[in-house]
Amino acid sequence: MNRRQALAYARGTLADNNIDEASLEGEVLLRHALGISRVQLYTDFDVDLSQAHEESLRELLERRIQGEPSAYITGHREFYGIDFNINPNVLIPRPETELLVEKAISLAQSHAISSIADIGTGCGAVAISLAVNLPGVTIYATDISAPALEVARCNCRKHGVADRIVFLEGDTLKPLPGPVDLIIANLPYVGEPDLRRGGPLSYEPALALNGGKDGLDMIRTLCRQAGRKISNRGLILLEIGQGQAETVTALFQETFPSARIEVASDLAGIERIVCLRLT
C-alpha cells in the first residue's frame, strides 16, 4: 500500500464509521503514523508504506473509531494558526474560541490595555495567541489544574513567549496579584446532564468542562470575584454555551449595573461571546 492508497483507506475507514471531517482526520492520522509533513505526504504520494507504518495507521484509526479525539492521539491541535501540544490533562481548543482571541486583539488595539488575565488557560492557547499578537501587553494565565499549567508552560516555551506570560495556579481570579485591564475567560460551561451522556467529551478532563447543574457555576464565581480584579474602565470577555447569553448578561448586569454589555455570535450563529465594558 502506497501513501495515496493509505490516505484513501484512512479516509474511507473513518467515513464508514461516521467520523465527522473524515477526510481531514484521515490525512492527519496518516501523517502522524508516518511522521511526515503535509508537503512530504503529497510530494511523495507513491512511496510505499512499511509494514510497521501500516500497523501504526490501523492502530490510530481504531483508536479514533473508538471515540478518542485525534488531538489526543497525535498530541497536537492547531489554534489561531499556532500548533499547540495537547494531552488529556487539558481541553482541546475549539475553533469557536478563536473568536474570543480575535475580539481581545481588537479591543487591545482600540483601548489602553496593558494587562490581560486569561482565566482557565488550559493548554495556554488563548494566552499564547494573545502574547504572540500583542507583544506590548503583560499577560497572566490562571488555572486550578497544575498538570494543565505544565502543558501551558511547555507551549509557552515552544513559541518563545515565556518572558511575557505569568502562570498562576488557583481558583478563577483569586491568584491575580491585582486588577487587570482585560479579563478573558473560557470557563467550564457544560451542564452536568450533558456530561453524563458521554460521547467524545468523556475523553476530556471533567474539571475543564463541568459547569455544574446549569453550566454556569464557574461563571458565577468569576462575577463574584471580578469587582476586585478589574481596573477602572476595564473589560471582560467571556465565552459561553448555547442558550446561556440571557442568563449571563443578567448576571453581569446585576454585578456591574452601569456597564455596557454586548453579545457576539460565532460563525454558526450561536451567541458565543459576552463582552462587558466598565464605564
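Start counting the sequence shown at 11; every next residue gets the next number (our numbering). Note that CB positions come from ideal geometry on N, CA and C, so glycine has one too.
Asked: In terms of residue numbering, what span does the alpha helix (DSSP H) encompassing Glu-35 cover?; Found: 32 to 44
Asked: Closer than 6 Å by C-beta to Ile-271: which residues in its own chain qualify, once you throw out the five before and the five after it? Chain order, please.; Found: Thr-259, Phe-262 and Leu-286
Asked: Measure the C-alpha to C-alpha separation of Leu-245 and Ile-175 and round it to an integer number of angstroms.; Found: 19 Å
Asked: Looking at the unbroken alpha helix (DSSP H) that takes in Ser-80, where does it start and where does it end?; Found: 80 to 84
Asked: Does the separation of the CB atoms of Glu-37 and Leu-24 fall below 8 Å?; Found: no
Asked: Establish whether the CB of Gly-251 and some CB of chain B are separated by less than 8 Å.; Found: The structure shown contains no chain B, having only a single protein chain.
Asked: Going by DSSP in three states, Glu-112 sits in which element: helix, strand or coil?; Found: helix
Asked: In whole angstroms, what is the alpha-carbon distance linking Leu-101 and Ile-46?; Found: 25 Å
Asked: Taking a contact to mean a Cβ-Cβ separation below 8 Å, would you say Ala-158 touches Asn-196 in this structure?; Found: no
Asked: Less than 8 Å between the C-beta atoms of Pro-189 and Ser-241, yes or no?; Found: yes
Asked: Ordered along the chain, which non-local residues of its own chain (more than five positions away) have a Cβ less than 6 Å from that of Phe-55?; Found: Arg-13 and Arg-14
Asked: Am I right that Ile-283 and Leu-117 are in contact with their C-beta atoms under 8 Å? What's the rounded C-beta distance?; Found: With a Cβ gap of about 11 Å, Ile-283 and Leu-117 do not count as contacting.
Asked: Measure the alpha-carbon distance for Leu-40 versus Thr-265 and round it to whole angstroms.; Found: 50 Å
Asked: Below 8 Å on the Cβ atoms is my guess for Glu-108 versus Phe-89; work out the distance and round it to an integer in Å.; Found: 7 Å
Asked: Buried or exposed, going by whether 16 or more other CB atoms sit within 10 Å of the CB of Gly-279?; Found: exposed
Asked: Near His-169, what residues of its chain come up, given a Cβ to Cβ distance below 6 Å and the 5 sequence neighbours on each side ignored?; Found: Ile-138
Asked: Classify Ser-241 as helix, strand or coil using the three-state DSSP reduction.; Found: strand
Asked: Below 8 Å between beta carbons: does that hold for Leu-211 and Leu-217?; Found: no
Asked: Leaving out five residues before and five after Gly-225 in sequence, what residues of the same chain have Cβ atoms less than 7 Å from its Cβ?; Found: Tyr-199, Val-200, Gly-201, Gly-251 and Gln-254
Asked: Can you round the beta-carbon distance between Cys-5 and Ile-193 to whole angstroms, since I take them to be within the 8 Å contact cut?; Found: For residue 5 there is no data in the structure shown, the boundaries of the chain being 11 and 289.
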